[in-house]
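Notes follow the structure.
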Amino acid sequence: MRIAVIGAGKMGIWFAKFFLSKNYDVVLADRKKTKLENLKDLMVDLTTNFQEAVQDADQIILCVSINAMEEVVKAISPSLHEGQVVMDISSIKEAPVKTMHQYIKGATVLGTHPVFGPGSNGVKHKAYILTPTNTKEQEFAEKFKLWLEKEEAHVFIMTPKKHDELMSVVLGLPHFLGLVACETLLEQKNLPETKKVAGTTYRMLFTLAEATALETPDLYAAVQTNLPELGKIEDTFMAKAQELLSLIKSKDNKAIVERMEQLKKRLKESDSDFVESYENMYKMLESTEK
């Protein structure tokens with residue numbers, strides 16, 4: 013089987029290496045020749061010609077930004093044909109899937125979202141979402157699901173709309189929290205000292221803040237501006253933060269305690285495993301200790 017990976021960014025390179033490790037024939041395409049020249053040791057075919065990359069491929073993986081999606085899909089669509097499958101890996105699904113359906117007429121389309129980054133060592137124990145929209149796509153999604161599950165991935169099939177609703181919470185809110193936390197921490201003149209004496213909770217906070225700031229800016233901007241429910245969720249966060257801040261400023265210890273007890277009660281009702289979170293936090297951070 014021949015796999016064409018379009019886009020030699022971090023995730024494009026990751027997928028090229030991943031499918032190469034599974035003994036597939038891989039071609040990696042990117043418009044920037046200089047970028048490809050740095051990948052000559054990758055042991056895959058390299059090209060700046062997208063049409064050439066896709067014409068003999070069985071499966072095409074689109075690893076391009078959401079902003080570039082339409083341009084790339086339009087460019088490759090004349091070279092696609094029946095029997096091929098074209099998958100994107102965008103963090104947003106409704107718009108990219110709609111774009112692929114608009115321009116791709118012969119090949120099968122499938123919106124996918126590997127819910128992990130390029131630092132991941134394979135797909136084992138990672139979430140992988142597939143978003144078929146018709147019978148043909150559903151049939152391929154079921155086959156791809158079985159393949160991914162053999163690699164021990166956690167695979168979920170849902171509509172693009174449902175995916176975007178969930179990602180508003182799963183991706184959008186953590187991104188927002190991380191960025192705001194990072195800007196707040198950078199305002200503190202003694203930040204280097206605080207990191208030296210940090211406890212577990214603070215280590216978790218600045219790890220999230222720094223990791224968020226190091227991510228791809230255009231990806232985060234696209235997530236923040238395209239996920240449908242995110243604005244409402246972030247409005248709720250701001251309102252809750254203001255409520256808690258008012259209690260803190262008024263030094264209302266009793267109300268703060270009652271609020272936390274109520275949170276524990278609600279967590280217990282919605283997630284019986286929530287009590288493991290504190291222990292899990294320690295495990296995650298201890299695994300990174302030097």
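Numbering (this note's numbering) for the sequence shown: 13 to 302. Cβ coordinates follow ideal geometry from the N, Cα and C atoms, glycine included. Keep in mind the model is a prediction, meaning the values are calculated, not measured.
Nearest by alpha-carbon distance to residue i: which of the options is it?
i: residue 152; options: 114, 187 and 96; result: 96
i: residue 190; options: 171, 160, 227 and 159; result: 227
i: residue 104; options: 30, 168 and 173; result: 173
i: residue 8; options: 167, 16, 49 and 67; result: Residue 8 is absent from the model: the chain starts at 13 and stops at 302.
i: residue 79; options: 108, 295, 179 and 72; result: 108
i: residue 204; options: 218, 212 and 193; result: 218
i: residue 58; options: 161, 295 and 48; result: 48
i: residue 215; options: 155, 234 and 194; result: 194
i: residue 117; options: 88, 247, 134 and 106; result: 88
i: residue 250; options: 201, 61 and 185; result: 185
i: residue 269; options: 50, 155, 256 and 281; result: 256
i: residue 106; options: 235, 277, 253 and 258; result: 235
i: residue 71; options: 288, 263, 259 and 16; result: 16
i: residue 94; options: 83, 114 and 69; result: 69
i: residue 183; options: 211, 229 and 239; result: 239
i: residue 198; options: 295, 210, 225 and 284; result: 225
i: residue 178; options: 30, 245 and 114; result: 245
i: residue 110; options: 46, 86 and 91; result: 86
Does residue i come out as helix, strand or coil in the three-state DSSP assignment?
i: residue 53; result: helix
i: residue 166; result: strand
i: residue 243; result: helix
i: residue 187; result: helix
i: residue 237; result: helix
i: residue 139; result: strand
i: residue 175; result: helix
i: residue 16; result: strand
i: residue 93; result: coil
i: residue 144; result: coil
i: residue 120; result: strand
i: residue 108; result: helix
i: residue 264; result: coil
i: residue 130; result: coil
i: residue 209; result: coil
i: residue 283; result: coil
Quick one: residues in its chain with C-beta nearer than 6 Å to the C-beta of residue i, no 5 flanking neighbours on either side, listed in chain order?
i: residue 74; result: 18 and 100
i: residue 232; result: 187
i: residue 163; result: 135
Which same chain residues end up closer than 7 Å to residue i when comparing Cβ atoms and leaving out the 5 residues on each side of it in sequence?
i: residue 170; result: 141 and 143
i: residue 157; result: 142, 167 and 169
i: residue 252; result: none
i: residue 160; result: 135, 140 and 167
i: residue 176; result: 104, 105, 106, 239 and 240
i: residue 82; result: 111
i: residue 207; result: 218
Pull up the CB-CB distance for residue i and residue j, whole angstroms please, since I reckon it's below 8 Å.
i: residue 14; j: residue 37; result: 4 Å
i: residue 220; j: residue 180; result: Wrong, their Cβ atoms sit about 18 Å apart, outside the cutoff.
i: residue 39; j: residue 65; result: 5 Å
i: residue 286; j: residue 280; result: 7 Å
i: residue 120; j: residue 149; result: 6 Å
i: residue 26; j: residue 90; result: Incorrect: roughly 28 Å between the Cβ atoms, too far for contact.
i: residue 77; j: residue 230; result: 5 Å
i: residue 212; j: residue 272; result: Rounded, the Cβ-Cβ distance is 18 Å, inconsistent with contact.
i: residue 267; j: residue 275; result: Their Cβ separation, rounded to whole angstroms, is 13 Å, which puts residue 267 and residue 275 out of contact at 8 Å.
Below 8 Å CB to CB, which residues in the same chain sit around residue i once its five sequence neighbours on both sides are set aside?
i: residue 55; result: 32
i: residue 138; result: 126, 127, 128, 132, 165 and 166
i: residue 61; result: 41
Threshold first: 3 residues or longer. Then list the beta strand (DSSP E) segments lying entirely within the region 19-87, N to C. 37-41, 57-59 and 71-74
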